[in-house]
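Mapping of the sequence shown onto full-length UniProt numbering: residues 1 to 534, in sequence order.
Everything on this sheet refers to the single structure shown next.
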Amino acid sequence: MIDCLIVGFNDSNFAAYVQTVKALGVDSGAYRDLSLAFLEYEGRHYRALDILTHLHPNDDVYFANTDFLWPTITYLGSYLSKHGFSFDYINEFQRDTELFREKLQQNDILTIAITTTLYVLPDPILEVVNFIRQYNKTVKIIVGGPYICNQFESLSELEFQSLFHYLSADIYVNNREGEATLVDILSALKHGDDLSEVKNISYKIGDEYKITHSEVESNDLEDNMVNYTLFPKRDIGQFVSLRTAKSCPFSCAFCGFPARAGKYVYTSVDHVEKELNALKELGTVTTLTFLDDTFNVPKKRFADILQMMIRNQYEFKWNSFFRSDHGDESIIELMKEAGCEGVFLGTESGSNTILEKMNKTARREHYMKTIPWFRKYGITTYASMIVGFPGETFETYQETIDLIEETQPDFYRGQLWFCDPLTPIWEKREEYGVTGSGFAWSHKTMDSETACDLIDQMFLSIQNSIWMPQWGFELWSIYYLQRKGMSLEQIKKFVRDFNAVIAEQLLYPNKKDISPKLVDNLKQSCQFDLKMLS
Ligand code: SF4
Numbered sequence: 001m002i003d004c005l006i007v008g009f010n011d012s013n014f015a016a017y018v019q020t021v022k023a024l025g026v027d028s029g030a031y032r033d034l035s036l037a038f039l040e041y042e043g044r045h046y047r048a049l050d051i052l053t054h055l056h057p058n059d060d061v062y063f064a065n066t067d068f069l070w071p072t073i074t075y076l077g078s079y080l081s082k083h084g085f086s087f088d089y090i091n092e093f094q095r096d097t098e099l100f101r102e103k104l105q106q107n108d109i110l111t112i113a114i115t116t117t118l119y120v121l122p123d124p125i126l127e128v129v130n131f132i133r134q135y136n137k138t139v140k141i142i143v144g145g146p147y148i149c150n151q152f153e154s155l156s157e158l159e160f161q162s163l164f165h166y167l168s169a170d171i172y173v174n175n176r177e178g179e180a181t182l183v184d185i186l187s188a189l190k191h192g193d194d195l196s197e198v199k200n201i202s203y204k205i206g207d208e209y210k211i212t213h214s215e216v217e218s219n220d221l222e223d224n225m226v227n228y229t230l231f232p233k234r235d236i237g238q239f240v241s242l243r244t245a246k247s248c249p250f251s252c253a254f255c256g257f258p259a260r261a262g263k264y265v266y267t268s269v270d271h272v273e274k275e276l277n278a279l280k281e282l283g284t285v286t287t288l289t290f291l292d293d294t295f296n297v298p299k300k301r302f303a304d305i306l307q308m309m310i311r312n313q314y315e316f317k318w319n320s321f322f323r324s325d326h327g328d329e330s331i332i333e334l335m336k337e338a339g340c341e342g343v344f345l346g347t348e349s350g351s352n353t354i355l356e357k358m359n360k361t362a363r364r365e366h367y368m369k370t371i372p373w374f375r376k377y378g379i380t381t382y383a384s385m386i387v388g389f390p391g392e393t394f395e396t397y398q399e400t401i402d403l404i405e406e407t408q409p410d411f412y413r414g415q416l417w418f419c420d421p422l423t424p425i426w427e428k429r430e431e432y433g434v435t436g437s438g439f440a441w442s443h444k445t446m447d448s449e450t451a452c453d454l455i456d457q458m459f460l461s462i463q464n465s466i467w468m469p470q471w472g473f474e475l476w477s478i479y480y481l482q483r484k485g486m487s488l489e490q491i492k493k494f495v496r497d498f499n500a501v502i503a504e505q506l507l508y509p510n511k512k513d514i515s516p517k518l519v520d521n522l523k524q525s526c527q528f529d530l531k532m533l534s
């Protein structure tokens, strides 16, 4: 019997997701943000990679933003195996439905662990739970991960009890890490022990979910390196995401991550080398994504990692986050030599006034230097901006526009500020006159509706950089498409053509059909490999 089957991700029905968000109101911040990431064509909603798949001349070709082995599976599977438990996995629920059905019908699985990274709504979890119950009534369903922890921390007991009933799983893990908790659950279930002794869970007794004692769980990264040999090479494929640190040493006022993730710790350069050697050994991996939010901090360790990668001549292409105030031209040159092909820049604003209020250590001057340096060394840049943070005015917004136009990152996106009670700025809400929360807020200098208007204006007016759709197409998609044979220039043209349709739909919401010229452009972009196919 398999002790635990891990379900990686459910890239659930996008049309249904659009309807759910639309139900919040077409003027809601959530819907306006989403509507800059999909187009309507022949009565259906398409994200960028969906339309690329749809309009590509070869019916067998498939493009998806989730076309890799989910890192939670490799990490959790390795952890369970190390602790003596057997595991299996379903990587992406929608694509692996048939396989999942077969596994469930074999009836030899003790538990199913549903991970919840990236979910903002409960629907994808519910869909998986209902599917499991349809084919297997006895398996214990465990749900854990960021979505559950966020709900557990932010909802009242009545609210999360009601959510847990709605999802109807057997056990929930209320812990940021949770792998040790999962091991304790499996151990208790296998030995017939009482679940009340397992820390950090909610489990069903009668009509109630009983919450057990909570205790901070902290698993050492070096002791728990992924064992890639446990996974078939064809499942690992070309793309691997890895983490070399936990938490973040900064405390940006709009971000609750460091407070939730605890102390910033990172692995040694030797450990990173060990993991990269293991990946090289596989012979299939071409592209690495370092998930660490501050991979280039501290500077000395980052430089040592780059030197180590150059020394080993790995030939991986890789991408990462980059803090612009923690690097100079020489480090960027070294990054290029070590195989870096792209960086995510949490730029946030072009205004030093706002950057200061955000408690960012980087300033406009840093971005003015680093973005052109990255361009000089052929490293793709994506500048992510926040619009509407407390203190934002039309003038500070204009500074952001000017920064993008002047520095010309390859891609950019404007995000509506998300007013989150679990972030440091919440403590200052009286000072800034903040009312509301989430994507519906107001403060002394702006409200969310005005910020949405400014984001639309940004989307429509920026000339020197390309809007990143984000939903279903993000920075990773650029490397993915390049490995699929699309050149960077072809990708840029495709995203521009995709955005042009969205712009038309934004400007003329009552127009029934997309202009033929725009459809032609998009079709041409989607046939990028026509010559290769013929
Ligand atoms: S936004 Fe990034 S750098 Fe700032 S606190 Fe959050 S994780 Fe750290």
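Beta carbons are placed, not taken as given, at the ideal position from N, Cα and C, and that holds for glycine.
Quick caveat, the model's predicted, so the values are computed rather than measured.
How would you label residue i, buried or exposed, when you count the other beta carbons within 10 angstroms and need 16 or more for buried?
{"i": "Arg311", "result": "exposed"}
{"i": "Gly485", "result": "exposed"}
{"i": "Glu177", "result": "buried"}
{"i": "Pro516", "result": "exposed"}
{"i": "Ala180", "result": "buried"}
{"i": "Ser534", "result": "With a pLDDT of only 43 at Ser534, under the threshold of 50, the placement of this residue in the model should not be trusted, and no figure is reported."}
{"i": "Phe290", "result": "buried"}
{"i": "Ile478", "result": "buried"}
{"i": "Thr72", "result": "buried"}
{"i": "Asp520", "result": "exposed"}
{"i": "Ala15", "result": "exposed"}
{"i": "Pro390", "result": "buried"}
{"i": "Glu315", "result": "exposed"}
{"i": "Arg175", "result": "Going by the sequence as given, residue 175 is Asn instead of Arg. By the 10 Å Cβ count, Asn175 comes out buried."}
{"i": "Arg47", "result": "buried"}
{"i": "Ser78", "result": "buried"}
{"i": "Lys263", "result": "exposed"}
{"i": "Asn130", "result": "exposed"}
On the three-state DSSP scale, how would you describe residue i?
{"i": "Gly433", "result": "coil"}
{"i": "Val285", "result": "coil"}
{"i": "Trp373", "result": "helix"}
{"i": "His473", "result": "A small fix is needed here, since residue 473 is Phe in this sequence, not His. Note: Phe473 maps to strand in three-state DSSP."}
{"i": "Arg47", "result": "strand"}
{"i": "Arg363", "result": "coil"}
{"i": "Gln398", "result": "helix"}
{"i": "Ser487", "result": "coil"}
{"i": "Asp33", "result": "helix"}
{"i": "Leu291", "result": "coil"}
{"i": "Val265", "result": "strand"}
{"i": "Met385", "result": "strand"}
{"i": "Asp529", "result": "coil"}
{"i": "Ser12", "result": "coil"}
{"i": "Tyr41", "result": "strand"}
{"i": "Ile514", "result": "coil"}
{"i": "Ala23", "result": "coil"}
{"i": "Met368", "result": "helix"}
{"i": "Met468", "result": "coil"}
{"i": "Ser442", "result": "strand"}
Is it the case that the Cβ atoms of residue i and residue j are separated by a distance below 9 Å?
{"i": "Val173", "j": "Leu163", "result": "no"}
{"i": "Phe87", "j": "Ile6", "result": "yes"}
{"i": "Leu334", "j": "Gln313", "result": "no"}
{"i": "Gly339", "j": "Met358", "result": "no"}
{"i": "Ser476", "j": "Val495", "result": "Looking at the sequence itself, residue 476 is Trp, so the reference to Ser does not match. No, these two residues do not count as a Cβ contact at 9 Å."}
{"i": "Ser442", "j": "Lys493", "result": "no"}
{"i": "Gln151", "j": "Tyr209", "result": "no"}
{"i": "Ala451", "j": "Val387", "result": "yes"}
{"i": "Glu383", "j": "Thr361", "result": "Residue identity differs from the one stated: residue 383 is Ala in this sequence, not Glu. Contact: no."}
{"i": "Thr116", "j": "Gly144", "result": "yes"}
{"i": "Leu252", "j": "Pro409", "result": "For clarity, residue 252 is Cys in the given sequence; the question names Leu instead. Not a contact, by the Cβ cut-off of 9 Å."}
{"i": "Ile141", "j": "Ile132", "result": "yes"}
{"i": "Lys82", "j": "Asn224", "result": "yes"}
{"i": "Leu126", "j": "Tyr75", "result": "no"}
{"i": "Thr380", "j": "Val343", "result": "yes"}
Please check if any C-beta of chain C sits within less than 9 Å of the C-beta of residue i.
{"i": "Val240", "result": "In summary, chain C is missing from the structure at hand, where a single protein chain is found."}
Q: Tell me, please, whether the stretch 26-46 touches the stretch 59-68 by the rule of three or more beta-carbon pairs shorter than 8 Å.
A: Using a Cβ-Cβ distance cut-off of 8 Å, the stretch 26-46 and the stretch 59-68 are not in contact, since fewer than three pairs of beta carbons, one from each stretch, lie closer than that value.
Q. Can you give, in chain order, each stretch of the alpha helix (DSSP H) that sits fully within the stretch 317-358 and has at least 4 residues?
A. If we require 4 residues or more, the alpha helix (DSSP H) runs fully inside the stretch 317-358 come out as 329-337 and 352-357.
Q | Contiguous alpha helix (DSSP H) assignments of at least 4 residues, all confined to the stretch 59-135 | A | Complete alpha helix (DSSP H) runs here, min 4: 71-82, 97-106 and 123-135.
Q) Can you list, in chain order, the stretches of the alpha helix (DSSP H) that have 4 or more residues and sit fully within the stretch 138-209? A) Whole alpha helix (DSSP H) segments, 4+ residues: 146-154, 157-167 and 179-191.
Q) Considering only residues of the stretch 201-253, which uninterrupted alpha helix (DSSP H) runs meet the minimum length of 4 residues and lie entirely inside it, listed in chain order? A) Listed in chain order, the complete alpha helix (DSSP H) runs (minimum 4 residues) inside the stretch 201-253 are 233-236.
Q: Answer yes if the stretch 277-291 comes into contact with the stretch 215-233, meaning at least three C-beta pairs across the two stretches below 8 Å, and no otherwise.
A: By the C-beta criterion, the stretch 215-233 is judged to be in contact with the stretch 277-291, since at least 3 inter-stretch pairs fall below 8 Å.
Q. Does the stretch 405-418 come close enough to the stretch 451-464 that 3 or more CB-CB pairs lie under 8 Å?
A. As far as the Cβ criterion goes, the stretch 451-464 touches the stretch 405-418, which means the pair count is three or higher.
Q) Residue ranges of each beta strand (DSSP E) run of no fewer than 3 residues wholly in the stretch 400-428, ordered along the chain? A) Those beta strand (DSSP E) runs which fall completely within the stretch 400-428 and span 3+ residues are 411-416.
**Q.** the stretch 251-270 / the stretch 189-209 touching (three or more Cβ pairs under 8 Å)
**A.** Verdict: no, contact absent.
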